[in-house]
Structures are given as C-alpha cells and as structure tokens.
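In what follows, a structure is listed as structure tokens, so that the remarks can point back to it.
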C-alpha cells in the first residue's frame, strides 16, 4: 500500500519535471504532408535564412534529424529501412554508396537540376536513386610555420611522404573507425594498386607514421598547425585532413589571420562525394522530392561551402573567396568506383590493421 | 516492483534483444553457430583478454589509490572538504572525449611527467590505467566514504578498549561493515573499466581495443551486426556473471549496521601519521584530478577577453541555436532523467531490500546493473528498431534522452540505496508496526530518515551522470536541442581556433555546472542530516 502512494508521488514529480522540459522541445509526429524530414549526419549545416527560403517557397516545414557520423547515419538508415525516420537522407558518400544502394535504401528520383551537375559527379544514370550534392578532398595538411622554420619544402605527393626528410612528421587516423583515415588508405590503394599499397604502407610505417583513432585526436591533439595542437604542444606538422581545413582555420578565428596557417599537399588527395536520396517508404515522398531539388539549387549549393566545408557539384556555383584563396579543390585527386570500394574495403582495412597497427 | 521491471523490459531488454536478433536471425532461423565462429577468432580472443586484464588492473589500482581518499573524506575534518568532495566527482561525470584530452596534459607530450622526468605514458597501457583511476576515483570515495562516514567510530573504539590492536579492531569491526560498500564500488569500477570506450581510444590509441570498442566498430562502422551481436552476448554473459557473484558476496556479508550522522564522525586529524595521510591524499587529488581539469580551464581562456565564451552566445548554424543554450537543455534533460532514475531505482531498491524477497526478485538486483555493462551503441541501435511503432514510436522524441540517461542513472540509485536500506534493522520496522503504524508511516518514520542521505547521494549521482552522459544522447537525433557533451563533441569535430576554444569553454562550463550541482548536494546533505 505504501508503495502505491510512493509511486504516485514520485511519478507525479516526474511528470512535472518532464512537462517542464516538454514545453521547450515540442516533439511533433512526422508523416504529416506539410513536414519534410531530413535524416543526415552530424556535419549537416545550412544557413537559417536559406532553409527559411525553402520553407517559404515550398510551404513545407523542415525537420532535421542528425544521427551520428557519416557511417553511423547510413547504418542507422539501413536498420530502419522498412520504417524510415524521415523522407530524405543526405550524406552517404562514395565509400558507403554501394552498401546503401545494394540494400535498397533509396527509391528512384531524378532531381530537377540533375542536368546541371558537373558530369564527373553523376552516378547511377539508369535509376537515379541518388543525387550528388557536394564533394570534398581528403588530403594531407601541413603546418606552414614548421616547414618555413625548418627550411623544408612541404611534401607534395604520396611518394614524398616516405622520404627520410619527412620522418616522424605525419599523423593519420585509424582506417577502420575514421572516415578520413579510410579515405587516405583508399587514396594510396588507388595510387599504388591492389598489389602495391601494402608495400607503400610498410615504407610509411618505417618512416614513422603515427596512427590515432579519430580525426579529432589527429587534428586537435597531434597536428602542430591547429589551434588545439598548438596548445597541446603537438609535434606532428603533417596530418590527414581535408583540403577545406585551411579555409576553416581562417574562417573560425577571431581575429582572422592574414593567411591560412596550414596548407594542403595536393598530390595526396582522395575525392569524397556526398549524395542525397529519397528514402524508400518515405511518408512524404512529394516533400522529399522538393527538398532534393532544393539541395541541388544554386542558393543551397553556394551556401554549403562555409557551413559544411565542402564544394558544390553544380556547374557555375560560386565558391567563397576563402576557398579559392586557401583551399581550392584538388585538380587531379585519386578516385575509386563505389563498387570497387564495396568489394575490397573490408579486406583492405583488415590487412591494413594487421600491417600498420600490430 | 512492477514499474522497474516494465521500465527495464521496454527500454532495455527489448531493444537489446531486437538488435541481437537482427544480427543472429535471418529468414526466421537462428544462426547460433556464429557464436563459436566469432569467439574462436584470434583477434577477438585477444580483445577479450585485454579487456579483462586491464579492467582488473584498473580496479585494483583505483581501490589502492582511492580507499585512503574515502577514509580521509569520511573521517577527517579539514577546510575545503566539501568543495573537494564535489570536485573529485567532476571527472566521473564529464564525457571522456573532453577529459581524455585534458588527461594527456598529465601523461602526454609536454605533460607534467614529461617535464619532470621525461616520461611519456600516452599510447601505453599505463595511461589507460591511470585515466581509469582519474575517472573512477569518485566512485570509491562516494560509495565507500558515504557509508564510512556513517559508521559509528565508537564501535571501533570499544574494540580497542577491550584490548584489540588498531589493526584488529579495524579488521573485525570496520572492515566487515564496509564490505558491501567496497564490493559495490569495486564492482562499479570494474564495470566501467571493462566497458571502457573513450579512454581506450584517446589515450591508448588504436592498438588497444576493448570489447566495447569492438562492438562499436562492428555495429557502427563495419555494419557486421552478427559479429556485433555475438560480442554483445559475450559481454552480457561476462557482466552478468560478475554481477551474480557480486550479488552473492554482498548478501553473505550483509549485517544490520548501526548508522550515525556523518557530521559527528569526522574530526581534525591528530598526530603526524594522520596529517601525512591527509597530505598524501590531497597531493594525489591535486596531481591526478585537479591538474587535468585546470588544463581544460586554461585552454578555454585563450584568445582575448574571454573570446571563446563570448562566441558561445552567437548564433551557430550547425546547432541552429547559440551553443550556450546547450546548458539549459542539459539541465532539463538531467532533471527529468534524475526523476525517472530515482523513481525506478528507489522502487527497485525497496523491493530488493525486503527480507522476504524471493530468489527471483534478488536476481533482479544483478539485472538492473546490466545497462551499465552494455554498449550505448547496442542500446541506441536497438531503440531504433524496437521503439518504432505506435504507441511507442519514440525514435525522434525528446523523452528518449532522459530515458536513456535514466537507464544509466537508475543502477546508481539502486547501488547507493541498497546497502543502506538493507542495513536498516528490520526490528525497528516491526516495532513500529506493532505499535500500530501503517506501512506508509513505517516507511516515512523509520526508513526514510535513515535512507534520506543515501537518497540524496543517489539523486546527485544520477543527476551528474545524466549531465555528462554522452553515449546514449548522441544517438538521439535532435540537432536543435544538443546537450552539453554533444555540443562539445560537434565543436571538436571541426577545424579552427574558435571551434576548439568554444569546445574548451563549454567543457569548462559543464565542469562548473557539475561541480556546483554536486556542491549544492553536499550542503543539502549536511543540513538535513542534522535533523536526526
């Protein structure tokens, strides 16, 4: 009997607290035809005004669900494929594309403006299950101050990285848990071929490459060119990051420096392309289609670089000057077909792990 | 009893079962042969071995370093005791992504050890072990110290008067009484280190892998759900076995304790030995716990005029709200989670403490702890496929955050309350009942005054744990309502001085909020305990 009273009191207390929270959260059910739900990864970002323009013009309200890093977001979407959390998925990249397509994550939709996408990014021409939205380059970044202080030329290519001059200078990420780490591995595989990349990594290991678990540790802890690295007295002037990291170092600094403190070794780049697609079983397919059209529109494409630090895929989209000055995209990056990645990545990551980590 | 059981069934057992079934069942057939395949792989066996021995070593080291601390905080009265007790708990409740980084300032390049003796421990197993002490120090100080402070010192004095040596008096009077609390603390520490994730990744580097790291990798990166399912089962069995052994030892050592007000048991240290002990504990705390936290504060102050802090109030398109609002979100979520955890945990503890509790009920004691030993990624992914239909379509609801946090907080409530509840002399209740008190009144006038402190400690722990909880909240996709740890992680995920600085500033705020919350609790506790 006393238990009941206690339960009642406690539950009451709980409900009061909960309702206090509820007022600010306003959870709403998905599925009504006036709301379009985007499922994406944590890096999704857009200017408020740009999103507001879409909402005003289309009449849809946009709800965004972020579900972890790129790999997690795709896996979670696959897990909930029969009863998806939203209508549109943005952020599956070329390293994961086959996994998504083979498992039937998306339904076909050819976006308005698909013909404005630069030809090299177009994919799945028969079915149009995904639409390319942006691209980026995973490349080695260097700390300018270190190299000018030591009167050393920064490395330009994969070959340079194994030279004695750059011994113990590079830090990279675990290819099995980090997306730039995987990109760098794929870049070497594309450069040296199925039989050659292991030999390259043996040399890289002999030349003192350091591997840490994620980008955050590599960039903020080990890389001497970043803000965090300077505070942590980091001693690695080379890091696997993105070609767009140098402009980010300029944009996210107060006051802004005159020039970027870091640069990119353009011969070490691997091209990453991100796609969006209409989820199979989407509740609001019509709204989802409108949203994909919006993602390919010029307004969003030109807004992207400074929000997500990626480059637009449509012809004629302007890139901000921080990008053209400090971080243009690579001219001749390494690439690899999604089907090839899907076929070999697990095996490669496994051999890479035993080769480099053990 | 029904409510806690239902809560754990719906929000824990079902989601975990669903994700395991997804991995091991295809087309209506179970593939249990996978279990043998996976556990016989040499790299998996290696992971299992490393997970176990580092957890054992970490637990031993933590007890060794923290038990003197528990004694000092329980029995010595010195200026700043309350503040320090609150501060040592801060690492425990901060997300590893933040504190792991700061901990490098102690053991890493250019850190204190490096400056003094040229010793660098990062990427060695020592960094992992020491960081585990750093994170779990408070578990021992609070769990053991909480009870120690309430043991009547006169019992030990009586034994001394009767001719027992100091050691013998301690061994035969205090130690048996402390047993359950030490076991509970050791068990907690073992669980946390056995399932360690962030510490191993950040401080150990990718060459070290625990079961938890492997489950995360298989689920989240490789999407090999069947291997992940097997590993989850292995972790379940291991954790379950440990919990069962623990439940058994605790029951064996239970005895009715004579608890007194902690305010009266602490006194100023006497003699050189006691002063040295106090100094030693304070020095340990300063180096091992305060230094890394201080580094965090120092890094948040870079730039000009608190520039990082001012930047927090600006609109940020990644979050859609100024990052500073994460503080309010976190507090609200943590309050809700604490309320849920207290209800669930207190009901469970009350049912478990009853003398007539059957074997089945007592088994539930161990089950309640399981959420602490199961990977957040397993539960998070399980939520997605289990709670996806009305009436329980909670996948994108805000309530999932406090629910997930409460899952982690409730075991703390149970663990903190149970030793005290069980120690309440049943004859007191019986006497009250004989004198005509209703069961409610017995509870209110006998149990409540005796367990009020434990209840407050439990609430504080649940609150603080919820505040820093990262694993579960990261799976709840609400970008407009980020919690503090989530906001910190997202800021750290982008290049640029301002992002890094803001992450440090938010971490410092998180630290301060936790410290204040814990300090308030300390005050509240002494005020109330004066009543009885």
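Protein chains in written order, with our numbering: chain A, 1 to 358; chain B, 1001 to 1532. Quick reminder that beta carbons are idealized off the backbone N, C-alpha and C, glycines included.
Within chain B, the residues that residue i reaches when beta carbons sit closer than 7 Å
| i | result |
| --- | --- |
| residue 216 of chain A | 1492 and 1493 |
| residue 340 of chain A | Here the premise fails: no neighbours, minimum Cβ distance about 18 Å. |
| residue 79 of chain A | 1381, 1384 and 1385 |
| residue 172 of chain A | Under the 7 Å cutoff, chain B gives no residues; its nearest Cβ is about 10 Å from residue 172 of chain A. |
| residue 228 of chain A | 1500 |
| residue 72 of chain A | 1220 |
Rounded separation between residue i and residue j - CA only
| i | j | result |
| --- | --- | --- |
| residue 1383 of chain B | residue 1011 of chain B | 8 Å |
| residue 278 of chain A | residue 177 of chain A | 27 Å |
| residue 1100 of chain B | residue 1523 of chain B | 30 Å |
| residue 30 of chain A | residue 1210 of chain B | Note that residue 30 of chain A scores 44 on pLDDT, short of 50, meaning its location in the model is unreliable; the coordinates nonetheless yield the value given after this. Going from the Cα of residue 30 of chain A to the Cα of residue 1210 of chain B covers about 38 Å. |
| residue 1507 of chain B | residue 1490 of chain B | 12 Å |
| residue 969 of chain B | residue 202 of chain A | Residue 969 of chain B is absent from the model: chain B starts at 1001 and stops at 1532. |
| residue 1302 of chain B | residue 52 of chain A | 35 Å |
| residue 1413 of chain B | residue 1162 of chain B | 38 Å |
| residue 338 of chain A | residue 1132 of chain B | 41 Å |
| residue 1172 of chain B | residue 1428 of chain B | 25 Å |
| residue 1342 of chain B | residue 216 of chain A | 36 Å |
| residue 1285 of chain B | residue 1088 of chain B | 7 Å |
| residue 1226 of chain B | residue 1232 of chain B | 10 Å |
| residue 1194 of chain B | residue 1307 of chain B | 40 Å |
| residue 1220 of chain B | residue 271 of chain A | 23 Å |
| residue 1229 of chain B | residue 1300 of chain B | 41 Å |
| residue 1082 of chain B | residue 186 of chain A | 54 Å |
| residue 1455 of chain B | residue 1237 of chain B | 30 Å |
Residue i and residue j closer than 8 Å at C-beta
| i | j | result |
| --- | --- | --- |
| residue 114 of chain A | residue 106 of chain A | no |
| residue 1147 of chain B | residue 1419 of chain B | yes |
| residue 371 of chain A | residue 266 of chain A | For residue 371 of chain A there is no data in the structure shown, the boundaries of chain A being 1 and 358. |
| residue 84 of chain A | residue 307 of chain A | no |
| residue 135 of chain A | residue 287 of chain A | no |
| residue 1344 of chain B | residue 1018 of chain B | no |
| residue 1038 of chain B | residue 1374 of chain B | no |
| residue 295 of chain A | residue 90 of chain A | yes |
Close-in-space but distant-in-sequence residues of the same chain around residue i (CB under 6 Å, 5 per side omitted)
| i | result |
| --- | --- |
| residue 1144 of chain B | 1070, 1181, 1182 and 1185 |
| residue 92 of chain A | 74, 100 and 275 |
| residue 1265 of chain B | 1149 and 1153 |
Counterpart residues of residue i in DSSP-defined beta bridges
| i | result |
| --- | --- |
| residue 1030 of chain B | B/1025 |
| residue 139 of chain A | A/241 |
| residue 364 of chain A | The shown model of chain A, from 1 to 358, leaves out residue 364 of chain A, and the question about it has no answer. |
| residue 278 of chain A | A/88 and A/107 |
| residue 157 of chain A | A/267 |
| residue 1267 of chain B | B/1076 |
| residue 93 of chain A | A/274 |
| residue 131 of chain A | A/276 |
| residue 311 of chain A | A/135 |
| residue 223 of chain A | A/236 |
| residue 1352 of chain B | In DSSP, residue 1352 of chain B forms no bridge with anything. |
Contact set for residue i: own chain, Cβ-Cβ below 8 Å, skip 5 residues either direction
| i | result |
| --- | --- |
| residue 1129 of chain B | 1054, 1057, 1058 and 1061 |
| residue 1112 of chain B | 1105, 1106, 1287 and 1291 |
Chain-ordered chain B contacts of residue i [CB-CB under 8 Å]
| i | result |
| --- | --- |
| residue 83 of chain A | 1388 and 1389 |
| residue 99 of chain A | 1223 |
| residue 346 of chain A | 1222 |
| residue 252 of chain A | 1494, 1495, 1496, 1497, 1498 and 1499 |
| residue 357 of chain A | 1206 and 1207 |
Interface residues of chain B facing residue i [CB-CB closer than 9 Å]
| i | result |
| --- | --- |
| residue 159 of chain A | Going along chain B, no residue has its Cβ under 9 Å from residue 159 of chain A, so there is no contact; the nearest lies around 25 Å. |
| residue 249 of chain A | 1495, 1496 and 1497 |
| residue 211 of chain A | 1205, 1206 and 1207 |
Beta-carbon proximity list for residue i, same chain, < 7 Å, skipping 5 on both sides
| i | result |
| --- | --- |
| residue 1313 of chain B | 1322 and 1324 |
| residue 1431 of chain B | none |
| residue 1270 of chain B | none |
| residue 1505 of chain B | 1300, 1308, 1309 and 1312 |
| residue 353 of chain A | 176 |
Under 8 Å from the C-beta of residue i: neighbouring residues of chain A
| i | result |
| --- | --- |
| residue 1508 of chain B | Within chain A, no residue comes near residue 1508 of chain B; the closest Cβ sits about 14 Å away, beyond 8 Å. |
| residue 1309 of chain B | None at all; the shortest Cβ gap to chain A is about 12 Å. |
beta-carbon residue i near the ligand MG non-hydrogen atom, thresh 7 Å
| i | result |
| --- | --- |
| residue 1220 of chain B | Within the structure as shown, the ligand MG is missing, as the structure has no ligands at all. |
Chain A residues whose Cβ lies nearer than 7 Å to that of residue i
| i | result |
| --- | --- |
| residue 1109 of chain B | 233 and 235 |
9 Å Cβ cut-off: residues of chain A touching residue i
| i | result |
| --- | --- |
| residue 1202 of chain B | 212, 213, 214, 216, 217 and 221 |
| residue 1193 of chain B | Per Cβ cutoff of 9 Å: no residues; residue 1193 of chain B is ~18 Å from chain A at best. |
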